[in-house]
Every structure is written in structure tokens, then in C-alpha cells.
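First comes the structure, then the notes that go with it.
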Amino acid sequence: MLEQLFDLVKGAGKDTVVDNPEVPNEYNNDVIAEATNTVAGGLRNVIAGGGLENIIGLFQNKGQSNGNSGGLLKNPMVTMMIGHLISKLTGKYNLSPQSASNVATNLVPNVLNDLIQKTQDPNNSNFTLDKLIGSFTGGGDVAIPQQSNGFNFQDLISNFSGGGVKNGKENGGFDLQDIISKVTDGVRNNTGNQSADGGGLMDMIKGFIR
Numbered sequence: 001m002l003e004q005l006f007d008l009v010k011g012a013g014k015d016t017v018v019d020n021p022e023v024p025n026e027y028n029n030d031v032i033a034e035a036t037n038t039v040a041g042g043l044r045n046v047i048a049g050g051g052l053e054n055i056i057g058l059f060q061n062k063g064q065s066n067g068n069s070g071g072l073l074k075n076p077m078v079t080m081m082i083g084h085l086i087s088k089l090t091g092k093y094n095l096s097p098q099s100a101s102n103v104a105t106n107l108v109p110n111v112l113n114d115l116i117q118k119t120q121d122p123n124n125s126n127f128t129l130d131k132l133i134g135s136f137t138g139g140g141d142v143a144i145p146q147q148s149n150g151f152n153f154q155d156l157i158s159n160f161s162g163g164g165v166k167n168g169k170e171n172g173g174f175d176l177q178d179i180i181s182k183v184t185d186g187v188r189n190n191t192g193n194q195s196a197d198g199g200g201l202m203d204m205i206k207g208f209i210r
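So the sequence shown is numbered by this note's numbering: it starts at 1 and just counts up by one.
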């Protein structure tokens with residue numbers, strides 16, 4: 001899933017990065033990788049902090065305007081990612097604050113908007129919220145005690161949208177707080193394992209550069 005996200009950023013970055021004279025050509029791939037790491041790392045860190053509900057809200061299209069990326073600028077998670085990317089672009093790649101702001105403010109919301117739209121497309125099996133979250137937990141299914149066949153986060157979003165979650169439980173009898181706890185632990189454990197192995201998201205993302 002991370003490679004698909006990298007390709008999504010690469011496509012969105014053609015005008016914003018590759019064809020942008022303010023970004024030195026020798027940094028094009030690095031900036032694309034940095035933006036991918038910002039989006040993936042931002043989502044992962046929110047989940048690791050117990051913010052799965054915030055991610056679900058983001059993927060419900062909350063804060064957007066008719067499917068456009070402009071509304072995402074009001075989302076605090078998105079503004080956090082933009083600020084992080086601006087800091088990286090000015091500190092590591094010597095972009096001016098204005099140039100870095102232009103790149104980050106255009107690239108991050110557009111990538112997230114594309115990602116949200118693709119995960120909501122039932123005909124696109126390459127982009128699903130399950131796969132995205134699974135990439136942060138090490139690729140394994142999240143074990144929910146009451147369900148033996150795995151758990152579908154896209155269905156959870158649908159239940160949120162349709163008012164199917166009441167008193168902390170989804171209609172199928174799943175405890176939302178239990179789901180959040182298990183996903184949070186999975187992401188934290190996977191992040192810790194990557195650190196112990198001396199690698200991380202950025203190392204994996206740079207492996208996609210070709």
C-alpha cells in the first residue's frame with residue numbers, strides 16, 4: 001500500500017514538484033519521498049496516538065467541499081502534515097519558506113483527497129482503508145474477537161455515516177474502543193519493530209524510487 005501511495009504522490013507532484021522551477025531537479029525524487037513519508041507517517045502517528053476515530057472521520061469526507069481538496073485545509077491533521085513537510089523542505093532541501101509552503105499546501109491536500117476518493121471507490125481494490133491501516137500494523141489483519149473473518153474498516157466508515165454506531169458499539173456487536181485499542185497497539189508495535197531493525201517508513205519509501 002505504501003508503494004501505491006508513493007505513486008499517488010508522484011502523480012500529484014508532477015506539476016507541484018517535477019515541473020516546478022523552485023524545486024531543484026536533483027531533489028525531485030527526494031521531495032516526492034518526503035511528501036509520501038509525511039502523509040503516511042502523519043496518518044500512522046495519529047493512529048498510534050489513539051486517533052483512529054479521527055482517521056475514520058477524515059475518510060468519511062468530513063471537512064471537504066464537494067470532493068475537493070480545499071476543505072481539507074481546515075482539518076488539523078492535514079495542517080499538521082503541511083507544517084511538517086514545510087519544515088523538511090526548508091531544512092533539508094533549502095527551499096525558501098514561500099516555495100516550501102506552496103509545495104506542501106498544494107501537494108498534501110491533493111494527495112489526501114485522491115487517497116480518500118480512491119478508497120471510497122468499490123471498484124478499486126488497490127486502495128482500501130484496510131490495506132492502508134494494515135500497512136501501518138505490519139500488514140496483518142486486525143484481530144477483532146467477535147469476528148472470525150477479519151474486519152472491514154470501510155464497513156465501519158459506512159456504519160459511522162449511517163449512524164450505525166451507538167453507545168460505542170457497531171450494529172454487529174463490535175466494541176469500538178476495543179477496535180481502536182487493538183489497531184493502536186498494532187501500529188505502535190510495528191513502529192517499534194521497524195525502529196529496532198534500524199529501518200522505518202522513509203527507508204521503505206526510498207526503495208520505491210525508480
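Beta carbons: idealized from backbone N, C-alpha and C, even for Gly.
Helix, strand or coil at residue 41 [DSSP, three-state]: Looking at residue 41 - three-state DSSP - the assignment turns out to be helix.
If contacts are defined as beta-carbon pairs under 8 Å, then residue 9 and residue 39 qualify, I think. What distance do you get, rounded to the angstrom? In this structure residue 9 touches residue 39 by the C-beta definition: roughly 7 Å separates them, less than 8 Å.
Could you give the first and the last residue of the continuous alpha helix (DSSP H) run that contains residue 97? For residue 97, the enclosing alpha helix (DSSP H) covers residues 97-119.
Thinking residue 111 and residue 85 are a contact (beta carbons under 8 Å), I'd like their distance in whole angstroms, please. Taking 8 Å as the upper bound for CB-CB distance, residue 111 and residue 85 are not in contact here, some 10 Å apart.
Within the continuous alpha helix (DSSP H) that includes residue 206, where are the two ends? Under the DSSP assignment, residue 206 falls in the alpha helix (DSSP H) whose first and last residues are 201-206.
In whole angstroms, give me the CA-to-CA distance for residue 53 and residue 180. In this structure, the CA atom of residue 53 is about 8 Å from the CA atom of residue 180.
Going straight from the alpha carbon of residue 105 to that of residue 186, what length do you get? Taking the Cα positions, residue 105 is about 31 Å away from residue 186.
Just to confirm before moving on: does the CB-CB distance between residue 77 and residue 58 stay below 8 Å? Cβ distance < 8 Å, so residue 77 and residue 58 count as in contact.
Whose CA, out of 82, 116, 115 and 114, lies closest to the CA of residue 100? Closest by alpha carbon: 82.
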